[in-house]
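See below:
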């Protein structure tokens, strides 16, 4: 069922969808990891591909930047394409001293300054959580690979360029990292009674030196991507 934002036809989208923010990263994942990958959406340049990974059908699709963008795409996937599981594979800025560039973070919950939940009559202070079964499976995949990772709360911000001291306060209360999408993803999953998880790679740090280049963000998140794909293969 095509929408104003997704030209995929009925049956084109798998039950499990991996979603990076950058559509070019979706293209990279499809070309690198999926067999028999077929492009099923090009509307607005938000590329989506469906193929197979370890004999499991998987779709990978970009979601754009920010809560409004991921809110639209994931709502449509859950409600119009009958998707059961969405795994966001994205980047984030580290906040804690022991969180370093290239580290993996599993977003157990997502605090936010967004008003996205208002449309569902959800109180603004609500911090939605990941689906435990997806989180547990993904952590198991990371442990099988003997990877170092962090699990905890992230902050889904409406602002990329902040002019206040929010980041310092978030660090004080133990938030691991800041990104811009997970709250809407988790709210949409809760509202639709579906499953969602965000896996992040730290691309820069708010309080320390070091950051990944645009090219590294597009193609260098190998560990995170493989965890997500292995999780999808077990669903």
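Residue numbers (the numbering used here): 47 to 281.
C-beta: ideal position from N, C-alpha, C; glycine also.
Treat the numbers as computed from the prediction; the structure is a model and nothing was measured.
For residue 234, the uninterrupted alpha helix (DSSP H) segment begins and ends at 228-238. With respect to residue 121, residue 199 sits apart: the two C-beta atoms are not nearer than 8 Å. Going by DSSP, residue 215 is part of the alpha helix (DSSP H) stretching over 212-218. Pairing residue 139 with residue 193, the inter-Cα distance amounts to about 19 Å.
Contact between the region 104-119 and the region 62-69 is established, with three or more Cβ pairs separated by less than 8 Å. The straight-line gap separating the alpha-carbon atoms of residue 85 and residue 97 is approximately 9 Å. Pairwise C-beta distances place the region 213-227 in contact with the region 243-253, as three or more of them are shorter than 8 Å. Taking all protein chains shown into account, residue 240 has 16 or more neighbouring C-beta atoms within 10 Å of its C-beta and is therefore buried.
Taking residue 136 as the centre and dropping the five residues before and after it, the same chain places the C-beta of 66, 67, 225, 227, 244, 246 closer than 7 Å to its C-beta, in chain order. With 16 or more other CB atoms across the displayed protein chains lying within 10 angstroms of its CB, residue 142 is buried. In this model, residue 63 and residue 87 are separated by some 13 Å (Cα to Cα). In this structure residue 164 is exposed. Its beta-carbon is surrounded by fewer than 16 other beta-carbon atoms within 10 angstroms.
Around the beta carbon of residue 179, a 10 Å sphere encloses fewer than 16 other beta carbons of the protein chains shown; the residue is thus reported as exposed.
In the three-state scheme derived from DSSP, where H, G and I count as helix and E and B as strand, residue 188 is classed as helix.
Here residue 219 is exposed. Its C-beta has fewer than 16 other C-beta atoms within 10 Å. Annotated three-state conformation of residue 160 is coil, per DSSP. Per DSSP, residue 168 lies in no alpha helix (DSSP H) and is assigned neither H nor E. Ranking 214, 256, 51 by CA distance to the CA of residue 127 puts 51 first. Approximately 7 Å separates the beta-carbon atoms of residue 104 and residue 275; this is inside 8 Å, confirming the contact. In the DSSP assignment, residue 249 falls within the unbroken beta strand (DSSP E) covering 241-251.
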